[in-house]
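Chemist: Please find one structure pasted underneath; my questions will follow.
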Amino acid sequence: MNQNRHHNIIIIILVVVALFIIIPFSVFIASVFSNKDTVSVSLVIAPQEVTLTEGNKKQTVSSDDVLQLSPGTHKLEFSKENFSTVTKEVTIDSHDPTRQSVFLEPQNDEATAELETEVNQMALQGISDLEHLDEEDFYEKNPIAAKLPINNYLTKIRYEIDPSDASGSSIIIIVDAYPGYRHAAITRIKSLGIDPTTLNIQFINYTNPFQL
Amino acid sequence: MSKKPFVITIIVIVAIAGVLAIISASQGRSTTFTIKQPATRVAIFRTKDTQQPIKTVTSDQPTIRLKEGTYYFAVQGDKFAPERKEFIVGDANATVIVDPDYSSSYLANLLPAEIGAINTAITAKYPQTARDYEVVDGRLYKKGEWFGAIIKQKVDPRDITDLYRIILKKTDNTWQVVNRPEIIATTRLFPSVPPEVLQAINNIGE
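If you read the sequences in order, they're chains A and B.
With the first sequence counted from 1, adding 697 to any position gets you this note's numbering.
With the second sequence counted from 1, adding 20 to any position gets you this note's numbering.
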């Protein structure tokens, strides 16, 4: 009887330990393969935060978010209270990442005032830049943009349009990595055949321990 | 009076001038090498890969004739980096400046004499490096006036911490930290450092 009880406890401990190993490993594998058959679609949106509806699926998206869309045509509906609703048909027919600008017209004074905020003004500037920018030139100048985002268990690498460059053709590489793994993110960039020396790289949740 | 001898003389002069011009053109353009390092031999190659140089120049005999085209030069001797550099001879006399960097083995031999002053400069700027960090994989670059290394926190070897890259420059015989250590040394953060030095420092330890 007592022996059976010990036996059960050992099995429960083994199952718990196995789950602790299997679950993080599965998350890691899923993160590696989840983006394999999708294409990155970077969003530049004003107002900053809107609801995106595709079929029955609803989510909140904001400027600089990157959607992962599978090949084919997607009907994307962008909406927000007090703003017009915009529907876009986005066709993904290659593996090249693309970008979409979305502007929702304000429908009343409150919405117009909302667009005056700094963050929305930056988004509007981003839309204007994107509309005047040649997509081919952009990726020629920023070859790494075509290879981002990268998401794995320890590091996330994406890009944002550099607001300090009025042409809208410069990017900032955003690295979100655990302490001790930031260098691994740089090594990942190198493995893409990109020299990080000339990039504008910013680390999230990071403070340089050395003073200027 | 017959004009015949006069015409023949003119034809002969023009012919001789033509032959001399052809001979001169076939011998190529005068190409002078301005060699910045004394007592240096510079080998000239027709391609980037050929083993045998077509000519060699020195500070004493810096001028040769080369036909129009693309050539490569490499500085001979263990002291200098063996890389071949391209130069082009056009339709005019050319001057090529030869200012080679030191070879990695020569720079490695220079390092022991400099490392004390380098460590002093680092500790003076960042006193915590002596206590909490260690400077590893230090190397000199170019003609020994640039130094790059990794700064690593002193922790249990099982702990993973971020690595930092530090760069110093020797000016007027004094080593100075160029900018604060960074995880990646980019041209934006270190605008005064030659890009090839930044690339090399970013590749330390890989």
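C-beta: ideal position from N, C-alpha, C; glycine also.
None of the values given here were measured: they were computed from a predicted structure.
Just to make sure I have the definition right: I need the residues of chain A whose C-beta is within less than 9 Å of the C-beta of N222/B. Which are they?
Modeler: Against the second sequence, residue 222/B aligns to sequence position 202. Per Cβ cutoff of 9 Å: I883, K887, D892, P893 and T894.
Chemist: With a 10 Å radius around its C-beta and 16 neighbouring C-beta atoms as the bar for buried, classify E833/A as buried or exposed.
Modeler: The residue you call residue 833/A lines up with position 136 of the first sequence. Its Cβ having fewer than 16 others within 10 Å, E833/A is exposed.
Chemist: Check the Cβ-Cβ distances between P201/B and every residue of chain A, and say whether any is below 9 Å.
Modeler: Stepping through the second sequence from its first residue, residue 201/B is reached at position 181. Closer than 9 Å to some Cβ of chain A, the Cβ of P201/B qualifies, so yes.
Chemist: By the DSSP assignment, the alpha helix (DSSP H) with E216/B in it spans what residues?
Modeler: By 1-based counting over the second sequence, the position of residue 216/B is 196. Residues P215 to N222.
Chemist: Let me know the secondary structure DSSP gives Y207/B once reduced to three states.
Modeler: For the purposes of this step, residue 207/B is identified with residue 187 of the second sequence, where counting begins at 1. The sequence given here places Thr at residue 207/B; Tyr does not occur at that position. DSSP places T207/B in coil when its eight states are reduced to three.
Chemist: If you draw a straight line from the C-alpha of V213/B to the C-alpha of D892/A, how long is it?
Modeler: The residue labelled residue 213/B in the question sits at position 193 within the second sequence. The residue labelled residue 892/A in the question sits at position 195 within the first sequence. Using only the alpha carbons, I get a separation of about 16 Å.
Chemist: Leaving out the 5 sequence neighbours to the left and right, which residues in its chain are closer than 7 Å to E154/B when beta-carbon positions are compared?
Modeler: Your numbering for residue 154/B matches position 134 in the second sequence. For E154/B, where only same-chain residues beyond five positions count, the Cβ hits under 7 Å are K172 and K174.
Chemist: In this structure, does DSSP put F26/B in helix, strand or coil?
Modeler: In the second sequence, residue 26/B corresponds to position 6, counting from 1. Here F26/B sits in helix by DSSP.
Chemist: CB T795/A to CB S767/A, shorter than 9 Å?
Modeler: Indexing the first sequence from 1 puts residue 795/A at position 98. Indexing the first sequence from 1 puts residue 767/A at position 70. Their beta carbons are not under 9 Å apart, which means T795/A does not touch S767/A by this criterion.
Chemist: Any contact between the region 187-199 of chain B and the region 158-169 of chain B? By contact I mean 3 or more CB pairs, one from each, below 8 Å.
Modeler: Touching, yes.
Chemist: Which chain B residues are close to I898/A, counting only those with a beta carbon under 7 Å from its beta carbon?
Modeler: Here residue 898/A refers to the residue found at position 201 when the first sequence is read from its first residue. Near I898/A (Cβ distances below 7 Å), the residues of chain B are I204 and T206.
Chemist: Would DSSP call P177/B helix, strand or coil?
Modeler: What you label residue 177/B is simply residue 157 of the second sequence in a count that begins at 1. P177/B: coil per DSSP, three-state reduction.
Chemist: Can you give me the C-alpha to C-alpha distance between Q908/A and V197/B, rounded to a whole angstrom?
Modeler: Within the first sequence, residue 908/A is the residue found at index 211, counting from 1. Within the second sequence, residue 197/B is the residue found at index 177, counting from 1. For Q908/A and V197/B, the distance between alpha carbons rounds to 12 Å.
Chemist: Whole angstroms is fine: what's the gap from P58/B's alpha carbon to E216/B's?
Modeler: For the purposes of this step, residue 58/B is identified with residue 38 of the second sequence, where counting begins at 1. For the purposes of this step, residue 216/B is identified with residue 196 of the second sequence, where counting begins at 1. Each residue's Cα considered, the two are about 25 Å apart.
Chemist: In whole angstroms, give me the CA-to-CA distance for I869/A and L896/A.
Modeler: On the first sequence, position 172 is the one that residue 869/A refers to. On the first sequence, position 199 is the one that residue 896/A refers to. Going by the C-alpha atoms only, they are around 8 Å apart.
Chemist: Taking Cβ positions, are L183/B and L160/B nearer each other than 9 Å?
Modeler: The residue labelled residue 183/B in the question sits at position 163 within the second sequence. The residue labelled residue 160/B in the question sits at position 140 within the second sequence. No, they are not a contact pair.
Chemist: Mind pulling the chain A residues with CB within less than 8 Å of P215/B?
Modeler: As a working mapping, residue 215/B is identified with position 195 in the second sequence. T894 and T895, listed in chain order.
Chemist: Are the beta-carbon atoms of Q871/A and G865/A separated by less than 9 Å?
Modeler: Numbered from its first residue, the first sequence carries residue 871/A at position 174. Numbered from its first residue, the first sequence carries residue 865/A at position 168. Here residue 871/A turns out to be Ile, not Gln, going by the sequence shown. Not a contact, by the Cβ cut-off of 9 Å.
Chemist: Would you say L909/A faces chain B, with C-beta separation under 9 Å as the test?
Modeler: Working through the first sequence from its first residue, we reach residue 909/A at position 212. True, the Cβ-Cβ gap to chain B drops below 9 Å.
Chemist: Within the continuous beta strand (DSSP E) that includes R885/A, where are the two ends?
Modeler: As a first step, residue 885/A must be located in the first sequence, where it is residue number 188. Per DSSP, R885/A belongs to no beta strand (DSSP E); it is in the alpha helix (DSSP H), R879 to S888.
Chemist: Would you decide whether S781/A is buried or exposed? Buried here means 16 or more other CB atoms lie within 10 Å of its CB.
Modeler: Locating residue 781/A in the first sequence gives position 84, counting from the first residue. Per the 10 Å Cβ criterion, exposed.
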